[in-house]
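Just so you know, we're using the numbering used here here: the sequence shown kicks off at 3 and counts up by one.
In this text, a Cβ means the ideal position worked out from N, Cα and C, and glycines have one as well.
As the structure is a prediction and not an experimental result, all values here were calculated from the model.
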Amino acid sequence: MVSRWPICLLITMGCGIAACDRAPLTVDQVIEQNTKAMGGGAAIEAVKSIEVELHIVDPDFEVDGKYRAARPGRMRIDVMAHGKHVYTEAFDGDRGWQWKGKGAAIEEESAEATAALRHGVELPGKLVGLHELRQRGHRVDLAGRERIDGVDYYALRVTMNDGYTTTLYVDPRNWLITRRRDVRPLHVDIDPTPTPIESRFSDFRKVNGVQFAFVSTDTDLATGKVLETTTIRSIKVNPQFDATIFIALP
3 MVSRWPICLL ITMGCGIAAC DRAPLTVDQV IEQNTKAMGG GAAIEAVKSI EVELHIVDPD
63 FEVDGKYRAA RPGRMRIDVM AHGKHVYTEA FDGDRGWQWK GKGAAIEEES AEATAALRHG
123 VELPGKLVGL HELRQRGHRV DLAGRERIDG VDYYALRVTM NDGYTTTLYV DPRNWLITRR
183 RDVRPLHVDI DPTPTPIESR FSDFRKVNGV QFAFVSTDTD LATGKVLETT TIRSIKVNPQ
243 FDATIFIALP
């Protein structure tokens, strides 16, 4: 009689290995895993401000930018083309404004554009960690698992406190958010047409103990067309800058 214990052992081991990926995690457990992978809650919350030098490639143009943001949720981006300052967009925590490259006058952003700026600085990946969203008044739900390009992602549905929704995809291989999907204009003031967009995040690097994606690519999900690619050249964590940059042009 052949002993059954090796077979039982193999079956048990196989089930244990498979369960590592199949085990149903709660939304809180997924958030916890992501927070650890990003560097931990303390390290994330220690990021009070950032200054990012970046390069943006669209189908019709290439520009450089300086993105600055500070807690609790303010941002500004200055865009340079061929070494010349051509555009500024900012959110001061309440209102959005823009400067179009001529004179000293700034213009108020539309409500839709202001909301887009706010969403960008509130979502994880810049200042705020995934674990902080609820305390900031937003909702995070586990929408289930979704298989994309062979990866069985955890799909987190984020509903922000103004009603805007987006889905963040946590990769179970590294617990980082490597995709985002929603329907929105890429640049609402240029073309307000809602578009199904997938943002892919890659080339993660640790800066001051926190993981940042150094490459992001926005793609039209309906056509597969690449809409925009942003590459980070450098990140400074907790730089000192005058808070008035979020309010006025200089």
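- Annotation: G98 to F206 spans about 29 angstroms, alpha carbon to alpha carbon.
- Between the segment 229-236 and the segment 51-61, the count of Cβ pairs shorter than 8 angstroms is three or higher; the stretches touch.
- By the neighbour-count definition (other C-beta atoms within 10 Å, threshold 16), E114 is an exposed residue.
- Q242 sits in coil when the DSSP states are folded into three classes, being neither helix nor strand.
- G75 sits buried, since 16 or more C-beta atoms from the chains shown fall within 10 Å of its C-beta.
- Contiguous beta strand (DSSP E) elements confined to the segment 26-62 occur at 51-59, taking only those with 3 or more residues.
- Per DSSP, the continuous beta strand (DSSP E) segment holding L170 begins and ends at T167 to V172.
- With a cut-off of 8 angstroms on Cβ pairs, the segment 130-142 is not in contact with the segment 86-96, counting fewer than three such pairs.
- Annotation: the continuous beta strand (DSSP E) that includes T219 extends over V212 to D222.
- Within the segment 109-156, complete beta strand (DSSP E) segments of at least 3 residues are found at 141-150, given in chain order.
- Each residue's CA atom was taken as its position, placing T161 and A106 some 37 angstroms apart.
- Under the DSSP assignment, A71 falls in the beta strand (DSSP E) whose first and last residues are E64 to A72.
- Rounded to the nearest whole angstrom, the C-alpha separation of I179 and Q35 is 11 angstroms.
- Within its own chain, the residues whose Cβ lies closer than 7 angstroms to the Cβ of L251, once the five positions on either side in sequence are excluded, are T90, W101, A106 and I108, listed in chain order.
- Here DSSP, grouped into helix, strand and coil, assigns I192 to coil.
- Exposed is the label assigned to R175, since fewer than 16 other Cβ atoms lie within 10 Å of its Cβ.
- Per the C-alpha coordinates, the member of T116, H189 and E47 positioned closest to P126 is E47.
- K208 is bridged by DSSP to Q213.
- With contacts defined as CB atoms closer than 8 angstroms, G131 and T37 qualify as a contacting pair.
- Non-local beta-carbon contacts of D220 in its own chain, meaning distances under 7 angstroms to residues more than five positions away in sequence, involve L188, I199, S201, L229 and E230 in chain order.
- I249 carries a coil assignment under DSSP once its states are collapsed to helix, strand and coil.
- For W177, the secondary structure class from DSSP, reduced to helix, strand or coil, is coil.
- Taking C-beta atoms as the reference points, L223 and V29 fail to come closer than 8 angstroms.
- With contacts defined as CB atoms closer than 8 angstroms, R181 and Y171 qualify as a contacting pair.
- Looking at the DSSP output, T161 bridges to R141 and T167.
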